[in-house]
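Novice:
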Amino acid sequence: MDSNLTQHQELLPEELQGSAVNLDLTLPGSTGRKFYIESYGCQMNFSDSEIVASILAQEGIQSTRNIEEADMIFINTCSIREKAEDSVRKRLKEFKPFKKNKPELVVGVLGCMAERLKAKFLEQEQLVDIVAGPDSYRDLPNLLKKADDGDKGVNVFLSREETYADIAPMRLDENGVTAFISIMRGCDNMCSFCVVPFTRGRERSRSSYTIVAEAEDLYLRGYREVTLLGQNVDSYKWVNPETNELTNFAHLLEMVAKVNPQLRVRFSTSHPKDITDEVLYTMAKYNNICNYIHLPVQSGSSRILELMNRTYDREWYLDRVSAIHKIIPECAISSDIITGFCTETEEDHRETLSIMELANYSMSYMFFYSERPGTPAAKKYKDDVSLEIKKERLNEIIRLQNRLSHHHNQADIGKTFEVLIEGNSKRSEDMFKGRNSQNKMIVFNKKGNYQPGDYVTVKVDSASSATLHGTITA
Ligand code: 5AD
Ligand code: SF4
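Just so we're aligned, residue 146 is where the sequence shown starts under the numbering used here, counting upward by one.
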């Protein structure tokens, strides 16, 4: 449930990075109606929006990037922190003039906020016509019909089975090189601060053969990198009902890696309690499985980890870090950190700073604790660290991470990496951008006939804490 955004996410939180997507698709059975969709929050939401787009396209509804020509607006929402919900509400207000100009316009709220607030949303936000939770997207055509008839459409049923395994997502990203594949849904972990088990329901894994088929299809369409997505990928588990054979995450990784050596494989998110040596050895065995693990620590204090119900302690986490370094020496590790959790003392905070140094994160997503209604922490503990202290500690954590990222990147100067070209750099059409296996963004000169989707060898010439700069050498 983490995003593949910038290293300065704390400045530009993921939930603020709403993004409209475009899909200029005219199907033969087109109704002439158009939808506009914006996604907030984690990669899973962006991936879910591609399922929604596919379901709507089946109904002959086309995508548009131009909100003014839309007949329906969907907003795929995030509940992870209060701020995430605030930005969605703010965005909903901005939709009001469109509805005023076009009363038949349908506004739909999808995802975690829909699930958390259910029909209450309809009372709170008058302009909303549809409320659909993460497991009810197949019902969208029905809900739309209701909205068209002037009723409200609500479906927040959470399923134990739904994985949308048979739905081919409409790729809404535009680079045509990297794509997400959702391998499981929900979460059974019950970290005490987290609302996800309540908004996304029980954990369930998608069949391995549909995942492999999706990766094969993407490869044939020119994609060169897939990211396997789940709240907790290491607990992926699928039993073939015909053979009773069990596929775990290490097996799945291997199956996807074998699709083609030219198809890179990434995954997110790993849970420190579940990541096994078997997964690490599989990563070491295949060149095309990227040397990068997002392994959220949340806190460096064993006492706080216990209150968070993370089910590992500081020593366990550091043991996993050592195993990663031993089995995959070139592997970069990144993290999520929450500061100011209930009862956190200055000493606990120091332990978080020290674990960041010991793990030597290449980057981190850093947050201060935001109490979420209904979570175990909200029920059991007092949110007793003042906002002022939370912010102070967060700043200290951010400063440390910037220093660690800077060091990490400086150490890459002079090294050469295989880089997958994703497209033009944001700043200049004369430069390409792409990532190395360690998930670091590298900006480099254009040379020869290289195109997005090609692999090139790049030598790093300089580095900031966010980006590497280099030159193509082959
Ligand atoms: N407050 C602050 N951060 C949170 N996260 C999850 N719940 C909360 C919360 N209540 C963070 C965790 C998680 C990331 C996606 O968001 O670090 O890994
Ligand atoms: Fe939330 Fe913990 Fe599950 Fe991640 S593993 S989604 S933090 S409950």
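Just so it is clear, CB atoms sit at the ideal spot from N, CA and C, and this is done for glycine as well.
Computed from a prediction, not measured in an experiment: that's the story for all the values here.
With H, G and I counted as helix, E and B as strand and the rest as coil, what does DSSP make of Gln443?
Specialist: Of the three classes helix, strand and coil, the one that applies to Gln443 here is strand, per DSSP.
Novice: With Tyr426 as the anchor, note down where its alpha helix (DSSP H) starts and where it stops.
Specialist: Per DSSP, Tyr426 belongs to the alpha helix (DSSP H) from Asp422 to Lys430.
Novice: Heavy atom of the ligand SF4 less than 7 Å from the Cβ of Cys487, yes or no?
Specialist: Cys487 Cβ: outside cutoff for every heavy atom of the ligand SF4.
Novice: Is it buried or exposed, Pro386, if we count other Cβ atoms within 10 angstroms and call 16 or more buried?
Specialist: With fewer than 16 Cβ atoms within 10 Å of its Cβ, Pro386 is classed as exposed.
Novice: Please work out which residues of its chain come closer than 8 Å, Cβ to Cβ, to Val466, disregarding the five sequence neighbours upstream and downstream, and give them in chain order.
Specialist: Closer than 8 Å at the Cβ level, and outside the excluded window around Val466, lie Leu440, Ile478, Leu503 and Ala504.
Novice: Classify Ser609 as helix, strand or coil using the three-state DSSP reduction.
Specialist: Residue state, collapsed to three classes: coil.
Novice: So Asn433 and Arg409 are in contact, right, with Cβ under 8 Å, and what is the actual spacing, rounded?
Specialist: At roughly 5 Å, the Cβ-Cβ gap stays under 8 Å, so Asn433 and Arg409 are in contact.
Novice: Determine the DSSP secondary structure at Phe266, reduced to helix, strand or coil.
Specialist: Correct three-state label for Phe266: helix.
Novice: With a Cβ-Cβ cutoff of 8 Å, do Lys297 and Leu250 count as a contact?
Specialist: For Lys297 and Leu250, no; Cβs fall outside 8 Å.
Novice: Any heavy atom of the ligand SF4 inside 7 Å of the beta-carbon of Pro248?
Specialist: Because no heavy atom of the ligand SF4 lies under 7 Å away, the Cβ of Pro248 does not count as near it: no.
Novice: Let me check understanding here. Comparing Cα to Cα, which of Lys571, Asp458, Leu532 and Met508 lies closest to Phe486?
Specialist: The shortest Cα separation from Phe486 among Lys571, Asp458, Leu532 and Met508 belongs to Leu532.
Novice: With H, G and I counted as helix, E and B as strand and the rest as coil, what does DSSP make of Ala619?
Specialist: Three-state result, Ala619: coil.
Novice: Hey, could you find the ends of the beta strand (DSSP E) Ile558 is sitting in?
Specialist: Segment: none, Ile558 is in no beta strand (DSSP E) and carries neither H nor E.
Novice: Would you mind sorting Val322 into buried or exposed? The rule is 16 or more other CB atoms within 10 Å of its CB.
Specialist: It counts as buried.
Novice: Below 8 Å between beta carbons: does that hold for Asn211 and Ser194?
Specialist: Contact: no.
Novice: So the candidates are Ile200, Phe219 and Leu201; which of them puts its Cα closest to the Cα of Ser184?
Specialist: That would be Phe219, whose Cα lies nearest to the Cα of Ser184.
Novice: On the DSSP bridge list, what partners appear for Glu140?
Specialist: Nothing can be reported for residue 140: it is not among the residues displayed for the chain, which extend from 146 to 619.
Novice: According to DSSP, is Glu567 part of a helix, a strand, or is it coil?
Specialist: Correct three-state label for Glu567: strand.
Novice: If you drop the 5 nearest sequence neighbours on each side, which residues of the same chain put their C-beta closer than 6 Å to that of Asp216?
Specialist: Within the same chain, Asp216 has close Cβ partners Arg178 and Lys179.
Novice: Quick one, which of Thr618, Lys560, Ala556 and Phe577 has its alpha-carbon nearest Ser610's?
Specialist: The shortest C-alpha separation from Ser610 is found at Ala556.
Novice: Mind checking which residues open and close the alpha helix (DSSP H) that includes Met315?
Specialist: Taken as a continuous stretch (DSSP letters only), Met315 belongs to no alpha helix (DSSP H), as it is neither H nor E.
Novice: Taking the C-alpha atoms as reference points, what is the distance between Asn389 and Val530?
Specialist: Roughly 49 Å between the two C-alpha positions.
Novice: Give every residue of the same chain whose Cβ lies closer than 8 Å to the Cβ of Asp606, excluding the five residues on either side of it in the sequence, and list them in chain order.
Specialist: Hits under 8 Å: Ile558, His614, Gly615 and Thr616.
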